[in-house]
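*Asks:* The UniProt record's numbering puts the first residue of the sequence shown at 1, with every later residue one more than the last. One structure, pasted below without further comment.
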Amino acid sequence: MNTKRWIAIIIAAFLFIFSIGLNAVIGFFSSDLISTVSEETTIALNEKVIESGNITERIALLTVDGVIQDVGSGNIWSQVEYDHQLFLKQLDTILQDPTVQAIVLTVNSPGGGAIESAEIHKKLVQIKNERNIPIYVSMGSMAASGGYYIAAPADKIYAHRETITGSIGVIMSSYNFSQLAENFGIEFETIKSGQHKDMFSGTRASTEEEKAMMQEMINDSYEVFVDVVEEGRGMSEAEVKAVADGRILGGSQAVKAGLVDELGGLDDTIASLRSDYGLQNATLFEYKVNTGGIRSFLSMKLGSLFGPSVEQQMITKLMNSSNSPRLMYLYGEF
Numbered sequence: 001m002n003t004k005r006w007i008a009i010i011i012a013a014f015l016f017i018f019s020i021g022l023n024a025v026i027g028f029f030s031s032d033l034i035s036t037v038s039e040e041t042t043i044a045l046n047e048k049v050i051e052s053g054n055i056t057e058r059i060a061l062l063t064v065d066g067v068i069q070d071v072g073s074g075n076i077w078s079q080v081e082y083d084h085q086l087f088l089k090q091l092d093t094i095l096q097d098p099t100v101q102a103i104v105l106t107v108n109s110p111g112g113g114a115i116e117s118a119e120i121h122k123k124l125v126q127i128k129n130e131r132n133i134p135i136y137v138s139m140g141s142m143a144a145s146g147g148y149y150i151a152a153p154a155d156k157i158y159a160h161r162e163t164i165t166g167s168i169g170v171i172m173s174s175y176n177f178s179q180l181a182e183n184f185g186i187e188f189e190t191i192k193s194g195q196h197k198d199m200f201s202g203t204r205a206s207t208e209e210e211k212a213m214m215q216e217m218i219n220d221s222y223e224v225f226v227d228v229v230e231e232g233r234g235m236s237e238a239e240v241k242a243v244a245d246g247r248i249l250g251g252s253q254a255v256k257a258g259l260v261d262e263l264g265g266l267d268d269t270i271a272s273l274r275s276d277y278g279l280q281n282a283t284l285f286e287y288k289v290n291t292g293g294i295r296s297f298l299s300m301k302l303g304s305l306f307g308p309s310v311e312q313q314m315i316t317k318l319m320n321s322s323n324s325p326r327l328m329y330l331y332g333e334f
């Protein structure tokens, strides 16, 4: 064997031995924590104070950053862009915390799954109804489709002039591989219980009847989206549908359309909330995840040193992605 092959074998052996030792260390430091925490409470939240003030009157700063999809939590090698269950946990915590007197929600998202967006919206409405506290939204560079869906129930929405928002609507997409397969001499053999069982599967073109079925689902979900904006913004159906054809809007356009209240950034949003509700002395804080000391530290360091490359992450995503279509409140590509 040449020198390069010997070096590769030595490195592989070292990494194998190192991984065994690492698992032992992680198991030692986390075993007590894991054994005493139930599945329902594995997400432990800490708080980070951003602006000190009255501890009995507090403002929670929440963040939705990334595509709104429930893809699970991160692991020792990598972290997810958006952790859906963690965010729902934060909302549940606010429901039970009487010291939280207001919420500032920052949204920087192109939207995502219809179900996940609806779950967030439902929780925010529940907080407004049960806690009767104000919710202000600060939009980042993008708060489109599902990103706007979750912002709609807010008492006041701020956006930058350059914010991309709107994209009110629903999309369902899939790939049709049949022609590509035919070019390579590949035939799909499908045994099914009904003629529509493989509809939108990618193995054949959809019939007009099947497209009509899908369109009916899209239309139903679209009407729900319109209703959410109507109720949240106090707009008529005609006013909403005038801009609910999937188009995107800049911040200034969104103000004129009634989808956004004022132009401004996060600081403007917080200052306005404090002034409008007499919360000048309230503590501003955000939630942080407690993943367990040494375990969290090792996750960050090892993730950066030995985590998968961008190419590996893309391949893993493709391999783990289902080809099944789903309703999405999403602007942009899948």
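Glycine included, every Cβ here is placed at the ideal spot set by N, Cα and C. Note that the structure is a prediction, hence the values are computed from the model and not measured.
1) So the candidates are M214, S138 and A154; which of them puts its Cα closest to the Cα of T269?
2) In this structure, how does DSSP classify R161 when only helix, strand and coil are distinguished?
3) In whole angstroms, what is the alpha-carbon distance linking G169 and H196?
4) My assumption, with CB atoms under 8 Å, is that V64 sits in contact with L105. Please give the rounded CB distance.
5) Here's the rule: buried if 16 or more other CB atoms are within 10 angstroms of the residue's CB, otherwise exposed. What is F87?
6) For the stretch 130-144 against the stretch 158-173, do three or more pairs of beta-carbon atoms, one drawn from each stretch, fall closer than 8 Å, so that the two count as touching?
7) Just curious, the alpha helix (DSSP H) that Q215 is in, first and last residue?
8) Taking all protein chains shown into account, decide if T190 is buried (16 or more other Cβ within 10 angstroms of its Cβ) or exposed.
9) With DSSP as the reference, label V289 as helix, strand or coil.
10) Grouping DSSP H, G and I as helix and E and B as strand, with all else coil, what is Y136?
11) Taking contact to mean 3 or more Cβ pairs, one atom from each stretch, closer than 8 Å, check whether the stretch 206-222 and the stretch 170-180 are in contact.
12) So which of L124, E116, G72 and S178 has the shortest CA-CA distance to A102?
13) Check F28 in the structure and name its three-state DSSP category.
14) When the distance is taken between beta carbons, is G166 closer than 8 Å to V243?
15) List the DSSP bridge partners of K156.
16) Helix, strand or coil, according to DSSP, for N176 in the structure here?
17) Going by Cα to Cα distance, which pick from S145, I50 and P98 is closest to G332?
18) Any idea what DSSP makes of S167, helix, strand or coil?
19) Could you tell me which residues DSSP pairs with R58 in its beta bridges?
20) What do you get for I11, buried or exposed, if any count of 16 or more other CB atoms within 10 angstroms of its CB means buried?
21) Take S73 as the anchor and find which of G66, H84 and T99 has the nearest alpha-carbon.
22) Leaving aside the five residues before and after V176 along the sequence, list all residues of the same chain whose C-beta is less than 7 Å from its C-beta, in chain order.
23) Give every residue of the same chain whose Cβ lies closer than 8 Å to the Cβ of S178, excluding the five residues on either side of it in the sequence, and list them in chain order.
24) At which residues does the beta strand (DSSP E) containing L330 begin and terminate?
25) Under 8 Å by Cβ, that's how I've got G251 and V260 pegged, so tell me the actual separation to the nearest angstrom.
26) Helix, strand or coil for Q128 per DSSP?
27) Please state whether DSSP places V240 in a helix, a strand or coil.
28) Among the candidates V67, Q69, N46 and V71, whose CA atom is the shortest distance from the CA of A60?
*Replies:* In short, the structure shows the following:
1) It is S138 whose Cα lies nearest to the Cα of T269.
2) Of the three classes helix, strand and coil, the one that applies to R161 here is coil, per DSSP.
3) Straight across, the Cα-Cα distance linking G169 with H196 is about 26 Å.
4) With 8 Å as the limit, V64 and L105 qualify as a contact, their Cβ atoms being about 7 Å apart.
5) F87 should be labelled buried.
6) Contact holds: three or more Cβ-Cβ distances are below 8 Å.
7) For Q215, the uninterrupted alpha helix (DSSP H) run begins and ends at E208 to R233, by DSSP.
8) So T190 ends up on the exposed side.
9) In this structure, V289 counts as strand in the three-state DSSP scheme.
10) Residue state, collapsed to three classes: strand.
11) Yes, they touch.
12) It is L124.
13) Reliability of the predicted coordinates at F28 is poor, the pLDDT of 47 falling under 50, and the value obtained from them is presented with this limitation in mind. F28: helix per DSSP, three-state reduction.
14) For V243 and G166, yes; Cβs fall inside 8 Å.
15) Per DSSP, Y136.
16) Reduced to three states, the DSSP call for N176 is coil.
17) Answer by Cα proximity: S145.
18) Here S167 sits in coil by DSSP.
19) Looking at the DSSP output, R58 sits in a beta bridge with V100 and T283.
20) Here I11 is exposed. Its C-beta has fewer than 16 other C-beta atoms within 10 Å.
21) The candidate whose alpha carbon is nearest that of S73 is H84.
22) According to the sequence as given, residue 176 is Asn; it is not Val. For N176, same chain residues with a beta-carbon under 7 Å away, outside a window of 5 residues either side, are G202 and A205 in chain order.
23) Counting only Cβ-Cβ distances below 8 Å, and skipping sequence neighbours, we find F188, G202, T203, R204 and A205.
24) Annotation for L330: the continuous beta strand (DSSP E) segment containing it runs M328 to L330.
25) Correct: roughly 6 Å between the Cβ atoms.
26) The sequence as given places Lys at residue 128; Gln does not occur at that position. Three-state DSSP puts K128 in a helix.
27) Three-state DSSP puts V240 in a helix.
28) With distances taken between Cα atoms, A60 lies closest to N46.
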